[in-house]
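Q: Residue numbers for the sequence shown follow the working numbering, so the first one is 198 and each next one is one higher.
C-beta atoms are modelled at their ideal positions from N, C-alpha and C, and glycine is treated no differently.
What you are looking at is a predicted structure, and each value in this text was computed from that prediction instead of being measured.
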Amino acid sequence: MPKQRPEPIDIDEQEERPSKSQLKREMHALQALGETLIAMRPAERARFPLSDDMLRAIEETSRIRSHEGRRRHMQYVGKLIRKEDLTAIQGVFDAIEQEKEQRDHAFHRLEKWRDRMVDEGDDGVDLFMADYPNADRQALRQLVRNARKEREQGKPPTSSRKLFKHLRDTLAL
């Protein structure tokens, strides 16, 4: 009986199939995604479209204490995540990131207002009041006056922090 030769591997077919290393990288990325979901507070996690099996696995993680058991459980979470809608999960992550950027931008605006008011005094307060007429002018002027005095005396910026907190509360951020 003649020896059979293996059929030649089609190069196109070989390129379509991911390498074992690539599969491992993807598996580790899914496990990292699972760890991120586990680390979130339940209120944040509720925004994600997760299956009941996935939610049970996430809840079960808190009961696992041994290192090896947790490692195996994370592999299980990675396996379950493959069945989830990763596009929807990524969309929620993007929305959370966008909200964080907007919040950071708003805080930077408040910091600029605070610094401007401390630098300019009553003129800065008047400009702020023009944009936000519902603010308490008297409280702002008092906080600005105290912050300027602290700055001149080289004291810690306690009133400046209070001014920032007052601005944040005024604008409900």
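So Phe245 and Val289 are supposed to be a Cβ contact under 8 Å. How far apart are they, rounded?
A: Sequence index remark: in the sequence shown, residue 245 carries index 48 (1-based). Sequence index remark: in the sequence shown, residue 289 carries index 92 (1-based). Confirmed, about 5 Å.
Q: Give me, in chain order, the residues of the same chain whose beta-carbon lies closer than 6 Å to that of Met224; leave out the 5 immediate sequence neighbours on both sides.
A: As a first step, residue 224 is located in the sequence shown; it is residue number 27 there, counting from the start. Counting only Cβ-Cβ distances below 6 Å, and skipping sequence neighbours, we find Gly275.
Q: Roughly how many whole angstroms lie between the Cα atoms of Ala240 and Leu234?
A: For the purposes of this step, residue 240 is identified with residue 43 of the sequence shown, where counting begins at 1. For the purposes of this step, residue 234 is identified with residue 37 of the sequence shown, where counting begins at 1. Ala240 and Leu234: Cα-Cα distance of roughly 11 Å.
Q: Please classify Ser357: is it buried, with 16 or more other beta-carbons within 10 angstroms of its beta-carbon, or exposed?
A: One-based indexing of the sequence shown puts residue 357 at position 160. With 16 or more Cβ atoms within 10 Å of its Cβ, Ser357 is classed as buried.
Q: Hey, quick one: how far does the alpha helix (DSSP H) through Pro239 stretch, first residue to last?
A: The count along the sequence shown starts at 1 and reaches residue 239 at position 42. Residues 239-242.
Q: Output needed for Arg189: all residues of its chain with C-beta closer than 6 Å, excluding positions within five of it in sequence on either side, in chain order.
A: Coverage of the chain is limited to positions 198 through 370, which leaves residue 189 absent and any answer about it impossible.
Q: Thinking C-alpha only, which one of Asn343, Leu252, Asp319 is nearest Arg238?
A: Within the sequence shown, the letter at position 41 stands for residue 238. Ranking Asn343, Leu252, Asp319 by Cα distance to Arg238 puts Leu252 first.
Q: Pull up the distance between the alpha-carbon of Ser248 and that of Leu220, whole angstroms please.
A: Counting from 1 along the sequence shown, the entry for residue 248 is found at position 51. Counting from 1 along the sequence shown, the entry for residue 220 is found at position 23. Spanning the two alpha carbons is a distance of roughly 23 Å.
Q: When the Cα atoms are used, what is the spatial distance from Ser218 to Val341?
A: The residue you call residue 218 lines up with position 21 of the sequence shown. The residue you call residue 341 lines up with position 144 of the sequence shown. C-alpha separation (whole angstroms): 60 Å.
Q: Please report the straight-line C-alpha distance between Asp193 and Glu256, rounded to a whole angstrom.
A: The structure shown does not extend to residue 193, since the chain spans only 198 to 370, so no value can be given for it.
Q: Around the Cβ of Glu294, are there at least 16 other Cβ atoms within 10 angstroms (buried) or fewer (exposed)?
A: By 1-based counting over the sequence shown, the position of residue 294 is 97. When all chains shown are included, Glu294 counts as exposed.
Q: Reducing DSSP to helix, strand and coil, say where Asp179 ends up.
A: Because the chain in this structure spans residues 198 to 370, residue 179 falls outside the shown range and cannot be described.
Q: Hey, how far is the Cα of Pro215 from the Cα of Ala226?
A: In the sequence shown, residue 215 corresponds to position 18, counting from 1. In the sequence shown, residue 226 corresponds to position 29, counting from 1. Those two C-alpha atoms are separated by around 15 Å.
Q: Kindly give me the distance between the Cβ atoms of Arg311 and Leu368, rounded to whole angstroms, as I take these residues to be in contact under 8 Å.
A: Working through the sequence shown from its first residue, we reach residue 311 at position 114. Working through the sequence shown from its first residue, we reach residue 368 at position 171. Not a contact, Cβ separation roughly 12 Å.
Q: With a 10 Å radius around its C-beta and 16 neighbouring C-beta atoms as the bar for buried, classify Leu307 as buried or exposed.
A: Along the sequence shown, one-based indexing puts residue 307 at 110. Answer is buried; the Cβ neighbour count reaches 16.
Q: Would you mind reading off the limits of the alpha helix (DSSP H) that contains Lys276?
A: For the purposes of this step, residue 276 is identified with residue 79 of the sequence shown, where counting begins at 1. That run of the alpha helix (DSSP H) goes 264-278.
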